[in-house]
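Q: One structure coming up, written as structure tokens, with questions to follow.
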Amino acid sequence: MSTQLPASISEETVRTISEERDEPDWLLRTRLEALSALDELDMPSVIETPGRRWTNLEGLDYESIVDPLDQRDETERVSAEGAKVLDFETALEEHPELLEEHFGSVTDPQTNYLTALSTALFTTGTVIYVPEGVDAEDVKVRAEMNSTSLFSHTLVVAEDNASATILERISNGSAVDGDRYFSNLVEVVTGENAYVQYGSLQDLDEDVYDFTLKRGDADRYATIDWIEGNIGSRLTRSDIETELNGDSSETKIVGAFFGHDDQHFDINARVWHNGEHTTADLVTRGVLDDEARSVYEGVQDVGRDAWDTSSYQRENTLMLSDDSEADASPKLIIHNHDTEASHSATVGQVDAEDLFYMTSRAISENTARNMLVEGFFVPVLEEVEVDELREDIDDLIVARLD
Amino acid sequence: MSSEQNHLKETDTEDRFDFKKEEKSAFAAEKGLTEETIHAISEDKDEPEWMLERRLRALEQFQEMPMPTDWPGQPDLSEVDVDEIVPYIRPDVDVRAGVDDWTELPDEIKDTFDKLGIPEAEKNALSGVGAQYESEVVYQNMQERWEEKGVIFCNMDEAVQEHEELVREHFMTKCVPPSDNKFAALHGAIWSGGSFVYIPENTTVDMPVQAYFRMNSEGMGQFEHTLIIAEENSEVHYIEGCSAPKYSKFNLHCGGVEVFVDEDAHVQYSTVQNWSKNTYNLNTKRAIAEKGGRMEWISGSMGSKATMLYPSTILKGRGASDNHITIAFAGEGQNIDTGAKVYHNAPDTKSTIESKSISKDGGRTNYRGLVHIADGAENSSTAVECDALMFDNESTSDTMPYMEINESKVDVAHEATVGKIGDEDVFYLQSRGLDDDDAKQMIVSGFIEPITEELPIEYAVELNRLVELEMEGSLG
């Protein structure tokens, strides 16, 4: 079921991108291998239930939305003391070995068609390197997309006992007409006892199709927390994943989305418990209005040797409109009995009693509803350590309410 | 409790299910599945032309559809080779529609059901009993007082002859069409035997009706069809039991169950499945509930090598409701993939799903469920609760619920937990003088109580016995 290679992409295209950046051989090779794998690779797997496929990634016209030789972005990077926050090209010059060691080590570039496409064509990205023992607070990467398509690659390396809180934001810059495509692959590597909170906010306009895959590899005693806010785009497919490979490692995956019009969000949160005594907490809250649609899959996978696992998952969707649709599939895959695992999911509308209570206190129905929707996101927003990210998400939620 | 425990231990459940009888048949179809086979079966049953046509159409659909292979985590079906199955065996019984007196059965068949305890159950607590051996129903009886009220309980082949219009309208048309899935199509082509239950308007059958299915021959498939029609404001509880001895070759059980719950009617369908551990159990069961109708599925899945079964209910009329209570137990080499499907297609519909599973010695259980709430099904609510108990590190337990919600005025909740048997609970019971095994047994009995308390006492006892045998690892 692989998709044809868009005619605008050839080996020549990839060589041009790589040469313009004066890239080392290993990276060119990785790109070319990803390119040639495109013929064989499938689209990311999408949930299917009798008679329907929940997200139609095959339906996209990659031919018209991928223009690899015209990729433009405006990216602002705010570093923290002791850490390196570099654009990808500079990082290649300054830390070639670090990149060669870790690039593609957490996420195989050939995971699926869209990851391979992204690896073959990326022109921008950020490398965040936090050396041993350094605490890097409030690292910020604010990116603007200024072209029909933009492919990005982000690598975070936090060494032993290092910590980082990172905010990454993607939005539109100068207006480009028509359908567009944004893709970002994020890899987080942690050393022993490292801590990374990676927050991202996607606020692209609604002609953009968005694909992101974020994956972390947690070493012993390490913690990787993800915050994921999705507000914009026509269609978003977002995978947020942690492999708890080290004993006593932990992760939190916190998501918030707010869809309106005919927006479609396909959010996948996955965690693999491979080490012993690992803990995961997956929390996602979403609101849907108009004809918006959400697809949520959460997977807690407890491996054969993952003794003493604790794994929790909650997903709550609030529906504001009868024409919206919320699909959810929270999955538990348990191979070790020494496990405490649970998941829960709810779908419903704004609580009638709460609404009644507030209107009886002279708050107008519309204001009351807006307050309740804003309040619905509080448990998610509370997890955000970077003030700017929390405020931005909150502002965008408020702006979306009428 | 301890005296009851002893009582349970003294029973011979293993012998009750895993004995073999010499294979004797009056007619056995060739192995495999061809148009000729279908013609032969249909002719042997003297069926009307329309039924033959439906069979042939289903065969076509079966041949067109691919095997399900890429569902996440699904059981391996590569061993299921329909060409190796004997699809139809008519046992050597004189009366085609079955007899209504156990003593008239050939000794080896009567012995079988005696051992299973079916005649005993009939005497004690049931409105009627049907018993199927291989592909045909060999015994059928209904208490007279129900017959007088117009209740029909007969075998499906007889129903095709005697109640042709009802069957023609309802048989694999709107509830389980053969196009539903590959094994529904297979079933449509070679179905044989099963039960037909018809409850007229305003009639309550207050004792359960029971059917028991027994596979005895090696390498056979059993394809019984159950059709239950409960007219307006009627009520019935139907119970099905099944078993087969274990042979070296695989067996295939591929039944079909269709339930029509008319306005304000109430149907409870209970089953304890204990197929031998080389049986592939690939069933399709579905109910359609009209306005105010209430459907209840109570199922225990104990046996089989692999089970793929998701009883489903379509809540078609306003205010219809559905309850599912299921328990699955997977021991060594077993893969029980089961769950529930509910379609909320009308306003004010309600459903609850309560699923319990136990996995042990490398067994694998999976809850695979679908709740669909259609646009316009306002004020619907559904609550799904799955609990999995795991005994050891070799076992696997998955939960894969799917929820499709197209309506905002709803209340949807799903909860699942997985855990090991509580060390503290075991310790507590041990400190009260129970040994380790008994303590665990008692905890499991408590864990599955929500289902056992819904079953008539014989079934509840049987389920407890089966669980106990599984716990001891004494069934192969």
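Just so you know, the sequences run in chain order A and B.
So the first sequence is residues 1 to 402, counted in the numbering used here.
So the second sequence is residues 1001 to 1476, counted in the numbering used here.
Backbone N, C-alpha and C define an ideal beta-carbon position, used for all residues, glycine too.
To test your reading of the DSSP string, which unbroken beta strand (DSSP E) runs of 3 or more residues are found completely within the stretch 50-106 of chain A?
A: 73-78 and 84-87
Q: What residue range is occupied by the uninterrupted beta strand (DSSP E) comprising Asp1070 (chain B)?
A: Here Asp1070 (chain B) belongs to no beta strand (DSSP E), and DSSP marks it neither H nor E.
Q: By a C-beta neighbour count over all protein chains shown, 10 Å radius and 16 as the cutoff for buried, is His1039 (chain B) buried or exposed?
A: exposed
Q: I need the straight-line Cα distance from Ser1420 (chain B) to Glu1385 (chain B), nearest angstrom please.
A: This sequence places Lys at residue 1420 (chain B); Ser is not what is there. Near 17 Å, if we compare the C-alpha coordinates of Glu1385 (chain B) and Lys1420 (chain B).
Q: Given a threshold of 16 other Cβ atoms within 10 Å of its Cβ, counted over all protein chains shown, does Pro1066 (chain B) qualify as buried or as exposed?
A: exposed
Q: From A:Gly259, A:Phe258 and A:Val283, pick the residue whose C-alpha is nearest to that of Ala269 (chain A); which is it?
A: A:Val283
Q: With respect to the beta strand (DSSP E) encompassing Asp1206 (chain B), which residues constitute its N-terminal and C-terminal limits?
A: Careful: Asp1206 (chain B) lies outside any beta strand (DSSP E) and carries neither H nor E.
Q: Between which residues of its own chain and Glu385 (chain A) is the CB-CB distance below 7 Å, once the five residues before and five after are set aside?
A: Thr165 and Gln197
Q: Could you spell out where the beta strand (DSSP E) holding Asp1423 (chain B) opens and where it closes?
A: First-last for Asp1423 (chain B): Asp1423 to Ser1431, but that is the alpha helix (DSSP H), not the beta strand (DSSP E).
Q: Note down the Cα distance separating Val1095 (chain B) from Glu1144 (chain B), rounded to an integer number of angstroms.
A: Low confidence applies to Val1095 (chain B): its pLDDT is 45, below 50, so where it sits in the model is not reliable, and the reading given next is rough at best. For Val1095 (chain B) and Glu1144 (chain B), the distance between alpha carbons rounds to 20 Å.
Q: For a minimum of 3 consecutive residues, which ranges assigned as the beta strand (DSSP E) are wholly contained in the stretch 1335-1373 of chain B?
A: 1335-1338, 1341-1344, 1350-1359 and 1364-1373
Q: Between Glu192 (chain A) and Asn146 (chain A), what straight-line distance do the alpha-carbon atoms span, to the nearest angstrom?
A: 39 Å
Q: Closer than 9 Å between beta carbons: that is the criterion. Which residues of the stretch 1403-1436 of chain B meet it against chain A?
A: Met1403, Glu1404, Ile1405, Asn1406, Glu1407, Ser1408, Lys1409, Val1410, Asp1411, Val1412, Ala1413, His1414, Glu1415, Ala1416, Thr1417, Val1418, Gly1419, Lys1420 and Ile1421
Q: Just the Cα atoms here: how many angstroms apart are Thr55 (chain A) and Tyr1212 (chain B)?
A: 44 Å
Q: Taking the straight line between their C-alpha atoms, what separation do you get for Ala368 (chain A) and Lys1277 (chain B)?
A: For Ala368 (chain A) and Lys1277 (chain B), the distance between alpha carbons rounds to 59 Å.
Q: Within 8 Å, do at least three Cβ pairs link the stretch 1373-1388 of chain B to the stretch 1408-1425 of chain B?
A: yes
Q: Assign Tyr1459 (chain B) to one of two classes, buried (16 or more other C-beta atoms within 10 Å of its C-beta) or exposed (fewer than that).
A: buried
Q: Do we get a CB-CB distance below 7 Å when we pair Arg1381 (chain B) with the residues of chain A?
A: Correcting the residue type first, residue 1381 (chain B) is Ser in the shown sequence and not Arg. Not closer than 7 Å to any Cβ of chain A, the Cβ of Ser1381 (chain B) fails to qualify, so no.
Q: Under a three-way DSSP split, which group does Gly1062 (chain B) fall into?
A: Correcting the residue identity first, residue 1062 (chain B) is Phe in this sequence and not Gly. Looking at Phe1062 (chain B) - three-state DSSP - the assignment turns out to be helix.
Q: Against chain A, does Val1095 (chain B) count as a neighbour if the rule is that its beta carbon must be under 7 Å from one of theirs?
A: At Val1095 (chain B), the pLDDT of 45 sits below 50, so the modelled position is not reliable and the matter cannot be decided from this model.
Q: Please state whether DSSP places Thr1037 (chain B) in a helix, a strand or coil.
A: helix
Q: Could you name the residues of chain A that Asp1348 (chain B) contacts, counting a contact when the two beta carbons are closer than 8 Å?
A: Near Asp1348 (chain B) there are no residues of chain A at all, since even the closest Cβ is about 15 Å away, more than 8 Å.
Q: Give the range of the beta strand (DSSP E) segment to which Gln1314 (chain B) is assigned.
A: In the sequence as displayed, the identity of residue 1314 (chain B) is Ile instead of Gln. Ser1312 to Leu1315 is the span of the beta strand (DSSP E), which, as asked, contains Ile1314 (chain B).
Q: Would you say Asn1393 (chain B) lies against chain A (beta-carbon separation less than 7 Å)?
A: With 7 Å as the cut-off, Asn1393 (chain B) counts as an interface residue toward chain A.
Q: For the stretch 1145-1165 of chain B against the stretch 1192-1205 of chain B, are there 3 or more C-beta pairs whose distance is under 8 Å?
A: yes
Q: Grouping DSSP H, G and I as helix and E and B as strand, with all else coil, what is Glu382 (chain A)?
A: coil
Q: How about Leu1315 (chain B): is its C-beta nearer than 7 Å to some C-beta of chain A?
A: It does not: the Cβ of Leu1315 (chain B) has no partner Cβ on chain A nearer than 7 Å.
Q: Reducing DSSP to helix, strand and coil, say where Thr30 (chain A) ends up.
A: helix
Q: Assuming Met1302 (chain B) is part of the beta strand (DSSP E), what are its boundary residues?
A: Going by DSSP, Met1302 (chain B) is part of no beta strand (DSSP E) at all; its letter is neither H nor E.
Q: Based on Cα-Cα distance, which residue from A:Arg314, A:His260 and A:His273 lies nearest to Leu292 (chain A)?
A: In the sequence under discussion, the amino acid at residue 292 (chain A) is Ala, which differs from the Leu named in the question. Of A:Arg314, A:His260 and A:His273, the residue nearest in Cα terms is A:His260.
Q: Note down the Cα distance separating Lys331 (chain A) from Ser342 (chain A), rounded to an integer number of angstroms.
A: Here the C-alpha atom of Lys331 (chain A) lies approximately 10 Å from the C-alpha atom of Ser342 (chain A).
Q: Return the first residue and the last residue of the alpha helix (DSSP H) that Ser364 (chain A) is part of.
A: Neither: Ser364 (chain A) is in no alpha helix (DSSP H) and is coded neither H nor E.
Q: Are there any heavy atoms of the ligand FAD lying less than 6 Å away from the beta-carbon of Arg390 (chain A), as far as the coordinates show?
A: Among the components modelled here there is no ligand, and therefore nothing to report on the ligand FAD.
Q: Does any residue of chain B have a CB that is nearer than 7 Å to the CB of Asn336 (chain A)?
A: Output row for Asn336 (chain A): interface = yes.
Q: Excluding the five sequence neighbours on either side, which residues of its own chain have a C-beta within less than 6 Å of the C-beta of Lys252 (chain A), listed in chain order?
A: Asp225 and Asp281
Q: Whose C-beta lies closer than 8 Å to the C-beta of Arg220 (chain A) among residues of the same chain, with five residues either side of it excluded?
A: Only Glu192, Asn193, Gly246, Asp247, Ser248, Ser249 and Gly275 meet the Cβ criterion.
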